[in-house]
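Offset between the sequence shown (1-based) and this note's numbering: plus 117.
Built from N, CA and C at the ideal position, the CB exists for glycine as well.
Here the structure is laid out as structure tokens; the discussion comes afterwards.
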Amino acid sequence: MSEQITFTMDGVQIKGKAGQTILEAADEAGVYIPRLCYHPDLAPHGSCRVCTVLVNGKPQAACTQPITEGMIVENETPELKEHRRNLIDMLFIEGNHFCMFCEKSGNCELQAIAYRLGILSPKYPYLFPKKDVDSSHKDIFLDLNRCILCGRCVEASRDVDGKGVFEFVGRSIEKKLAVNAEANLKDTNAAVTDKAADVCPVGTINKKGTAFAIPIGQRLYDTKPIGSEIENHKK
Ligand code: SF4
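So, in structure tokens, the structure goes:
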């Protein structure tokens, strides 16, 4: 049996198991910590920083930080909420996110977190970057206008599918997602059954012919805010 660890989050005692991260223990306890690059089927890498919490007063990524006995974690402070809002705001203006035309609307984690954090309009000027669309593959459609560079597809393709279809190229504002081929996705061995085709939090990697299987208005986050599925553990 794994060793039990007790820590405090926002003044509430939480019991977790040795080896768990703060985010895993919080999820099990029904406490939602916002996250974007984290996916439960992939190794956490703490790159988006949306899940940043304060651990004994110091900022840490909740998805990678292990729990320890007696640690004091802060998750719902006004400063952390503002930090998360800023990150989400910047992701919106760095890409071209037109939710009303996006087939992922209602199932998009970026959109859902923005609503949850109360973001209704952009805080910074839009950059309107020029991004590519790749519809060359028979089953998968890529719209890089919406990519938030979370890395899930890169990790899933490399570590789960064993293919390495996706990779990041460039640095800083020039950083972008690329496919492992001279030209387009059709020239890779990507398949619609790949894990990489399932993990995108936004509307970048889409399976052709499935976009409106669930009508807008009835989708996951149309009916309940993101995080509700975790908070329901408490009930
Ligand atoms: S395509 Fe999707 S999963 Fe891949 S890096 Fe961009 S947002 Fe993340």
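Cβ shell of residue i (< 8 Å), same chain only, five flanking positions each side left out
{"i": "P242", "result": "I210"}
{"i": "F285", "result": "L266, G268, V271, K292, K293, L294 and A295"}
{"i": "P239", "result": "D206, F209 and I210"}
Proximity of residue i and residue j at Cβ, strictly below 7 Å
{"i": "A146", "j": "I122", "result": "no"}
{"i": "V172", "j": "V190", "result": "yes"}
{"i": "G320", "j": "R269", "result": "no"}
{"i": "K69", "j": "L261", "result": "As shown, the chain starts at 118 and ends at 352. That puts residue 69 outside it, with no answer to give."}
{"i": "K324", "j": "V277", "result": "no"}
{"i": "L223", "j": "R336", "result": "Note that residue 223 is Gly in the sequence shown, not Leu. Yes, these two residues count as a Cβ contact at 7 Å."}
{"i": "I347", "j": "D127", "result": "no"}
Beta bridge counterpart(s) of residue i as assigned by DSSP
{"i": "M126", "result": "V129 and V190"}
{"i": "I322", "result": "L259"}
{"i": "Q177", "result": "V170"}
{"i": "D339", "result": "According to DSSP, which records beta bridges pairwise, D339 is partnered with nothing at all."}
{"i": "T138", "result": "P183"}
Selection from the options that minimises the alpha carbon distance to residue i
{"i": "V167", "options": "N173, E199, I189 and K175", "result": "E199"}
{"i": "C180", "options": "P161, E186 and A229", "result": "P161"}
{"i": "G279", "options": "S289, K255, A307 and N224", "result": "A307"}
{"i": "G187", "options": "G133, E196, A229 and Y338", "result": "G133"}
{"i": "C225", "options": "D251, S289, R152 and D256", "result": "R152"}
{"i": "G326", "options": "D256, T169 and V129", "result": "D256"}
{"i": "P195", "options": "N213, F218, C219 and T169", "result": "T169"}
{"i": "L244", "options": "G212, L237, C216 and G235", "result": "G212"}
{"i": "L159", "options": "E348, A143 and C317", "result": "C317"}
Sequence-distant residues of its chain with Cβ nearer than 7 Å to residue i (five each side left out)
{"i": "V296", "result": "V282, F283, L302 and T305"}
{"i": "S252", "result": "F258"}
{"i": "R202", "result": "L234 and I236"}
{"i": "Q182", "result": "T138, I139 and V172"}
Cβ neighbours of residue i in the same chain (closer than 6 Å, five flanking residues each side left out)
{"i": "T125", "result": "I189"}
{"i": "A95", "result": "Here the chain covers residues 118 to 352 and nothing more, so residue 95 does not appear."}
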